[in-house]
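Using UniProt numbering, the first residue of the sequence shown is number 1, and each one after it goes up by one.
One structure below.
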Amino acid sequence: MKKIFCILVSFFILIGCNQDGETPVNGEAQPINEELLHMQEKLSAAIEKIKDIEGIIETNVHNTRHELDRLHSEVQMLSHLIKNSNLFQIKQAYIKDVIITESETHLIVDFAEFVIDDTMPNGFRIDNDEVDYVKVRLDSDSGVFILDDVSLRYANVEELKIHLISHERLFNFHYAGEQLAAISEQYLP
């Protein structure tokens, strides 16, 4: 009898637990479904915005690439004209020092020659048989370009002076007639 009584009590306990475990889900599911639908709409709108932005970016990239190609061609053309013009001349020199006064800036330089030579390990050599320093005037409107890693960047005269502290560097001197129009540091691997 005790067995039957235990079985009946266990049965009623299990039925009670089972009924307590069943809670009405339908009432709670409706707000969750609405929230999920709202989030799905927001996600769809965000995806559309992303697609629009991607289109704008692709258009900008295309336009920028086109503009860079145009500028590159223009630079190549101007470089070719300068190299083949009698008005412009390029010389190479090591800059020893920069002298800045209130009215003028001068460079102390030793002219050398950068020669393309395929027999050399780096494909060039620098001919500078004798050291002969000369004073060259740098006008305030002359461009100064120094290497920043392997790329040239525009610099002012004070930056040039600081740049030269570690050692002499080879520069290209770009002359327009007799006037020094710009100097640009030569990359030497």
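Heads up, the beta-carbon is just placed ideally off N, CA and C, and yes, glycines get one too.
- Straight-line spacing of the CA atoms in Pro-31 and Met-39 works out to 12 Å.
- About 29 Å separates the CB atoms of Val-115 and Thr-105; that is not less than 8 Å, and the two are not in contact.
- In the three-state DSSP reduction, Val-98 falls in the strand class (E or B).
- Residue state for Val-75 is assigned as helix, using DSSP reduced to three classes.
- Taking a contact as a CB-CB distance under 8 Å, the pair Leu-87 and Ala-176 counts as one, their CB atoms being some 6 Å apart.
- Residue environment analysis places Ile-47 among the exposed positions, since fewer than 16 neighbouring C-beta atoms fall within 10 angstroms of its C-beta.
- Out of His-72, Pro-189 and Tyr-133, the CA that lies nearest to the CA of Gly-123 is found in Pro-189.
- Under DSSP, Thr-105 takes part in a beta bridge, and its partners are Ile-100 and Leu-138.
- Between the C-alpha atoms of Glu-35 and Lys-49 there is a straight-line separation of about 21 Å.
- Distance from the Cα of Gln-186 is smallest, within the candidate group Glu-130, Tyr-94, Thr-59 and Ile-162, for Tyr-94.
- Contact fails between the stretch 53 to 62 and the stretch 134 to 144, because fewer than three Cβ pairs, one in each stretch, are under 8 Å apart.
- Exclusion of the five residues before and after Leu-170 leaves Gln-92, Ala-93, Tyr-94, Ala-112, Phe-114, Ile-126, Glu-185, Gln-186 and Leu-188 as the residues of its chain whose Cβ lies within less than 8 Å of its Cβ.
- Taking a 10 Å sphere around the C-beta of His-174, we find 16 or more other C-beta atoms and assign the residue as buried.
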